[in-house]
Amino acid sequence: MANLKDVAELAGVSIATASLALRGGGNIRESTRIRVKTCAKRLSYTPNQIGRTLNTGKANAIALLMMTSVSSADIVRGTSLFYHLVRGVLSVVDEAKHGLRLDVKSHEDPDLMQYFEQVVGARSLDGIIIVPQFVRDYAFIHTLKKNNFPYMLMRPASFGRDVNYVDLQSDYGAQLVAELFAKQGRRRVALINGPAQHLDAIEREKGFLQGLAGAGLERLTKRYGDFTIPSGIAAMKDILREFTPDALFCANDYMAAGAMKVLAEFKLRVPEDVAIVGYDNTDICIGLTPTLTTIDYRAEEVGRCLAEELLALIEGKVSSVQKAVQPFLVERESHGRR
0 MANLKDVAEL
10 AGVSIATASL
20 ALRGGGNIRE
30 STRIRVKTCA
40 KRLSYTPNQI
50 GRTLNTGKAN
60 AIALLMMTSV
70 SSADIVRGTS
80 LFYHLVRGVL
90 SVVDEAKHGL
100 RLDVKSHEDP
110 DLMQYFEQVV
120 GARSLDGIII
130 VPQFVRDYAF
140 IHTLKKNNFP
150 YMLMRPASFG
160 RDVNYVDLQS
170 DYGAQLVAEL
180 FAKQGRRRVA
190 LINGPAQHLD
200 AIEREKGFLQ
210 GLAGAGLERL
220 TKRYGDFTIP
230 SGIAAMKDIL
240 REFTPDALFC
250 ANDYMAAGAM
260 KVLAEFKLRV
270 PEDVAIVGYD
280 NTDICIGLTP
290 TLTTIDYRAE
300 EVGRCLAEEL
310 LALIEGKVSS
320 VQKAVQPFLV
330 ERESHGRR
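First residue of the sequence shown? That's 0 in numbering that gives the first Met the number 0, and the numbers climb one at a time after it.
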């Protein structure tokens, strides 16, 4: 059975253009409209979903797109966080009696633009929440904006002021860690960060450096991992070859767990010798000894905010959204008190 993609390919147009031509909408040339309809007829294509959507004007469904690196490992590692994020989205979507489709796509997927064209063209969705991970050329935003398709982005506002987003304020969260170390009189500070191109890693390092500078702590030893326990182990060993810090900030809780394992092997006490703070407030924090002080970015609240604002865009209540959810410090045992 032919689908919209087949019609678009035969007509030599994009999926979004084919959809608009068949629906009679958009600024489409009459010659293009006729060509698309002719191709649809030749392929015996019937736009059933479009027809159903047009009856009410809405599909009553949205998508939540998790963008990853090469594989879906990012999703697996962040299961706890994504669970709370999805839970927040679902609480709003269920109340609004909408459906939710969960998609996972790689940044390197050669068909990524085609995915967005299908989302816009098929109109089987009213809007989309996008959770990007890495710094990339986000040409898809242009596709969504050009077609007036409602969307929300999670994470930093580094995409520009003319996009719809909920900012996690990771820089502010990291600043809280720097201020905590400064108040304790810690002077030999180290950072284990995530991948250099990861959006959270960029913001967390920026905020931590700003916080240290504000406290007069200019010197910082840093290493990069990949948000996993093994990378935290490797980074901590590398740092100890250079010097012994009295304060360590890890850009997520899993790397902090790895670092704590190494410190125990080197007979360095946490927090007496080395204060440690993680980030994300995942379940692993309370399973460590000592329990891990961390930053909570309110994943469930972020999910609710993303869904609420997307529905407001869909319903025409707002034309743009730029919001932030502020993280907070969760004090446990690993940072100690001085």
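The beta-carbon is built from N, C-alpha and C at its ideal position, and this holds for glycine as well.
Where the beta strand (DSSP E) through residue i begins and ends
i	result
Phe-248	246–249
Tyr-150	150–153
Ala-62	60–67
Ile-283	It is not in any beta strand (DSSP E) - Ile-283 carries neither H nor E in the DSSP assignment.
Thr-292	Element bounds for Thr-292: n/a, residue is neither H nor E.
Ala-214	Per DSSP, Ala-214 belongs to no beta strand (DSSP E) and is neither H nor E.
Backbone CA spacing between residue i and residue j [nearest angstrom]
i	j	result
Pro-326	Val-176	11 Å
Val-12	Thr-31	8 Å
Thr-243	Arg-187	8 Å
Val-103	Thr-67	7 Å
Glu-241	Ala-274	18 Å
Ser-79	Asn-192	20 Å
Val-320	Met-151	8 Å
Asp-161	Val-301	20 Å
Ile-283	Ala-256	8 Å
Ala-298	Arg-154	11 Å
Leu-19	Thr-293	49 Å
Ala-306	Leu-190	34 Å
Glu-271	Asn-146	57 Å
Thr-37	Glu-8	13 Å
Asp-295	Thr-142	33 Å
Leu-101	Leu-89	11 Å
Gln-113	Ala-138	11 Å
Asp-166	Cys-249	20 Å
Ala-39	Asp-93	35 Å
Phe-148	Glu-107	23 Å
Ile-228	Lys-4	43 Å
Spatially closest choice to residue i from the options, by CA coordinates
i	options	result
Ala-246	Tyr-253, Ala-258 and Arg-240	Ala-258
Ile-140	Val-119, Leu-310, Asp-225 and Lys-96	Val-119
Ala-195	Gly-206, Ala-173 and Arg-222	Arg-222
Glu-217	Asp-225, Gly-224, Gly-302 and Lys-205	Lys-205
Arg-41	Ala-17, Ala-1, Met-65 and Ala-311	Ala-1
Val-134	Leu-190, Ala-181 and His-197	His-197
Ser-105	Val-130, Asp-279 and Gly-126	Val-130
His-97	Phe-148, Phe-265, Ile-61 and Phe-81	Ile-61
Gly-210	Lys-182, Arg-22, Phe-226 and Pro-229	Lys-182
Leu-84	Ala-95, Glu-94 and Met-65	Met-65
Glu-308	Ser-230, Thr-220, Thr-227 and Ile-127	Ile-127
Ala-214	Tyr-253, Ala-263, Gln-174 and Arg-28	Gln-174
Leu-239	Val-261, Tyr-253 and Phe-226	Val-261
Ala-121	Val-6, Asp-170 and Gly-231	Val-6
Gly-277	Glu-332, Ala-17, Ala-311 and Tyr-164	Glu-332
Gly-172	Tyr-82, Glu-330, Arg-268 and Glu-94	Glu-330
Val-269	Tyr-253, Leu-291 and Gly-286	Leu-291
Three-state class that DSSP yields for residue i in the structure shown
i	result
Leu-328	strand
Val-269	coil
His-97	coil
Ile-33	helix
Tyr-114	helix
Phe-207	helix
Leu-19	helix
Arg-187	coil
Tyr-296	coil
Gly-276	Note that residue 276 is Val in the sequence shown, not Gly. Of the three classes helix, strand and coil, the one that applies to Val-276 here is strand, per DSSP.
Ser-13	coil
His-83	helix
Lys-57	coil
Val-130	strand
Lys-221	strand
Asp-108	coil
Lys-40	helix
Ala-195	coil
Val-317	coil
Residue burial classification, residue i (beta-carbon count within 10 angstroms, cutoff 16)
i	result
Glu-116	buried
Gln-168	buried
Val-317	exposed
Glu-202	buried
Pro-109	exposed
Arg-51	With a pLDDT of 49 at Arg-51, under the threshold of 50, the modelled position of that residue is not reliable, and no figure is offered here.
Ala-234	buried
Asn-251	buried
Thr-288	exposed
Ser-43	exposed
Asn-280	buried
Ile-313	buried
Gly-224	buried
First and last residue of the uninterrupted alpha helix (DSSP H) at residue i
i	result
Tyr-171	169–182
Lys-4	3–10
Arg-240	228–241
Asp-166	Run containing Asp-166: none in the alpha helix (DSSP H); it sits in the beta strand (DSSP E), 164–166.
Lys-260	252–264
Lys-144	139–145
Distance cut-off 7 Å: residue i Cβ against heavy atoms of the ligand ATP
i	result
Val-276	Within the structure as shown, the ligand ATP is missing, as the structure has no ligands at all.
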